[in-house]
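Numbering (the numbering used here), first residue to last: 940 to 1169.
See below:
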């Protein structure tokens, strides 16, 4: 049996609109699924929109209590090296992978939607029976991709993402370029959600999405379950 391969695609965007604040990747949404896949024996590679070191939202490193996966990352020189040298998506052949995973962080709201190369990658993955997963703001990367019929891949599908009420709770409703829940519903998604900031994830065929940072583990587990059945 060949080792299954997972590709992470991370944001390269580091500024929060016109606020002057930094943003980027929400680290837990990368580290938790990364180690879930690695510990399951998968081969995991890291890409980002521009390549190189992806920006990390400083808020995801604040406070005393970090998720175990973040602590593990801080001590993992090999993963830090791979992270700091991520592959630019321009160099990605997505058919080399069994699944694609897009973590969130507010940076994704600026450089994942309307990115022609990313839309091409995700469309190709979905149309070729690969698993496509995203969590929190990562589903911003589902705004552009289409299925074989040219329809949005989220149309008619059960999809979750960071909700309007969660965006309101973090006081960024007027900062983000659009509201992700609203956009996905406009595109025809059957939007699913749980309580604010509580783990919630949904799988619909090969599409797996989660609502918020706390949902990262659930999304990874759904991906593993789907891949195990292929």
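Yeah, the Cβ is synthetic: ideal placement off N, Cα and C, and Gly gets one too. Remember, predicted model here, so these are calculated numbers, not experimental data.
Item                                                                                                                      : Value
Beta-carbon proximity check, residue 964 vs residue 946, cutoff 8 Å                                                       : no
Nonlocal neighbours in the same chain, by C-beta distance under 7 Å from residue 1153, ignoring five residues either side : 1136, 1137 and 1138
Same chain, Cβ closer than 7 Å to residue 1038, neighbours up to 5 away in sequence not counted                           : 945, 1069, 1070, 1072, 1162 and 1166
Outcome for residue 1047 when other beta-carbon atoms lying within 10 angstroms are tallied against a minimum of 16       : buried
DSSP-derived helix/strand/coil call for residue 1092                                                                      : coil
Expected contact under 8 Å - CB spacing of residue 967 and residue 1155 to nearest Å                                      : 6 Å
Per-residue burial, residue 1113 [other beta carbons within 10 Å of its own, 16 or more giving buried]                    : exposed
Rounded C-alpha distance that separates residue 1088 from residue 1061                                                    : 15 Å
Residue 1103 to residue 1150 span [Cα, whole Å]                                                                           : 11 Å
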